[in-house]
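In short: position in the sequence shown from 1, add 916, done, that's our numbering. By construction, the Cβ of each residue, glycine as well, lies at the ideal position given by its N, Cα and C atoms.
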Amino acid sequence: MSRRIILCDGAELARFWSRIGAGEIEVLTWVPREDEPRARPPGFHSLQGGLTVEGIEKLNPKAGDEFALVSEDLPFVRAAVAAISEVQPEAPVLLLSDRVDSEDLPDHPCLLRAGLRSLIRDDIDEEFAHLANLHRVVELRELVEPREKLGILLQPDPDPDGIACGYALRALLGRKRPTAPLISFGAVKRPENIAMIDALGIDVRTVTPDELDEFDGLALLDVQPTVFGENMPARVRSVDVVIDHHPERPGYDAVFRDIRPNYGATATILTEYIRAAGLDLFPRLATALVYGIKSDTQLLGRETSHHDMTAFAYLHASHSPALLRRIERPALPTSGLRALGRALANTEVEEGIHLLVLGRVGEEVIPQVADLGLQAEGAEWAIAAGIVGSDLVFSVRNVGYVRAAGDVVRAVVEGLGVGGGHRSMAKGIIPLKAFRKVYGSATRKQIRTALHDAFVKAIHGD
Ligand SMILES: [Mn+2]
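Structure representation (C-alpha cells):
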C-alpha cells in the first residue's frame, strides 16, 4: 500500500498537523527548527539525518508513495524538493503553505501547491486527489510525447462523453487535429451528437482497422479494446492509453490505464486531469465536458458519483450557456414547427399520456417535441412520433417517478423494431413495413391509436 510521507517544518506545524487529524496511511516526520524546543509532537518522529538525501533515503520511499511538505519557509521547501528528487524522482509532492509562492519553487514534474492554515482535513485529502491526478497527467504526457501521430479512438457512433474526452485529451496534450485526430470505426449518427460536433467544431474521422497503421500511438477513451469483441483489430490489442469508466475487462495491453468504474462519465476523469494540471478551461472545452457528463449521467441522476458532481460544478463556471443550448436544443426547422402546430391543434392528454404524431419530419425535431410534450398539464408521459425515411421513429419522456421509459419502449417495439433508453428518456424505431404488417396502414390516425394502446399496455401492464 502506498504511503503519504508528511514532512513538517518545525514542531509548531507538526502539532498543527496532529490537531487537524492525521490520516492512517500517513508517515509523520518533522524537522526540528533551531529556535524551538525539541519536544516531540505527538505521533511524529524526527527526520533522522535532517533534511538531506540521506534523511529522505532513511524513509525508504517506494514507487507510489507521495510526499507532503508542510512549511512556510522557502529554503526548507527547496532543500526538501531537491532531496526527494534525488531519492525518488517520480514521487509526487504536495506543498502545503500559505507563504511560499509557486513561482519560487524548483522545477519538478509533479509538484502541487495548496494553502495550509485555511485547509481542513477533507481539503487536504482533496488536494492529494488532485496530486494523484496530476501524476497521471505527467505520466500520460511523458508517454505520448514521442508519438508523431496519436489516434484518439472513440467507440463506434461516438457519444458526447467520448467526444468530449477526445477533445479534452487533445487540449491536455497541447496538440491539434493533425497530430491527434479523433477517430472511430463508425461515424457519429445520432442527431444530438451531430449537433454537438457541429456546435463545437469537433471533427471525428471514420477509419477502417487498416488505416490505424498511420498512427504511431493510440489512445482509447470511454471504451476498452475488448468492446470490439471477436473482431478486435490486432492493432487495438496493445495500445498506449486507455481511459474509461466502464468495468475493467481483461484481454488487452495498455501502457497507461486509468479505469474508474465508479465514475458516471469518463469526462469526469478528464476534468480532474485538467483541473490538476491547471489547464486553461476555455468555454468550448468546458461546454463539451459539461455536456459529456450531463448526457452520461442523465443530468447527474442515475449512477452519478460525488466526483461527477464536483467536476460538473468546476466546469459549470467556465462553460458557455449559449453553446450548450445550441447543442441541447438544436434549431427547429420551420417545417418541423408546422408539423408540431398540426399535431398540437387537436392534442389531448389521456391516462397521463401525451402523444404527438408529427407526420414526416427531420429526426432532430422528434426528441425536442417530446421534451415539450411533457409540459402539458396532467402529462406523466410524452411521446413524439414522426416518420423518418422508411421508419416510424418516436421519442419518449416521462416525469421520472413512473415505470422506466427504456423498459416501456422495449415492450412497445418488441417483435416490431428496436428501442431502449433510460429511466426518463427513451427512443424507439419501427420500420413502416413492420408497422403496416401488424396494423394494416400507417396513417396518422392509425399510428396514434396503435401507439397509444401499446403504451397504455406497456405502462400499466407488467
Ligand atoms: Mn461514458
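| Item | Value |
| --- | --- |
| Test item: CB-CB of residue 965 and residue 944 under 8 Å | no |
| Alpha-carbon spacing of residue 954 relative to residue 920, whole angstroms | 24 Å |
| DSSP state of residue 1132 mapped onto helix, strand, coil | coil |
| Exposure label - residue 1276; buried when at least 16 CB within 10 Å | exposed |
| Same chain, Cβ closer than 6 Å to residue 1165, neighbours up to 5 away in sequence not counted | 1140, 1142 |
| Residue 1367 vs residue 1260 beta-carbon contact at 8 Å | no |
| DSSP-derived helix/strand/coil call for residue 1158 | strand |
| Contact between the segment 1324-1333 and the segment 1343-1357 (3+ Cβ pairs under 8 Å) | yes |
| Opposing strand residues paired with residue 1011 [DSSP bridges] | 985, 1029 |
| Whole-angstrom distance between residue 997 and residue 1024, CA atom to CA atom | 8 Å |
| 8 Å Cβ shell around residue 1348 - same chain, five flanking residues per side excluded | 1303, 1306, 1307, 1308, 1358 |
| Close Cβ partners of residue 1200 (< 6 Å) along its chain, the five nearest in sequence each way excluded | 1116 |
| Closest residue to residue 1079 among 1102, 986, 1059 (Cα-Cα distance) | 1102 |
| Cα-Cα separation, residue 1095 to residue 1066 | 6 Å |
| Contact set for residue 930: own chain, Cβ-Cβ below 6 Å, skip 5 residues either direction | 924, 946, 957, 960 |
| Status (buried if at least 16 other CB within 10 Å, exposed otherwise) for residue 1210 | buried |
| Per-residue DSSP class, three states only, for residue 1104 | coil |
| Residues bridged to residue 1117 [DSSP beta-bridge criterion] | Answer is none; residue 1117 lacks a bridge partner. |
| Residue 1020 classed as buried or exposed, judged by whether at least 16 other C-beta atoms fall within 10 angstroms | exposed |
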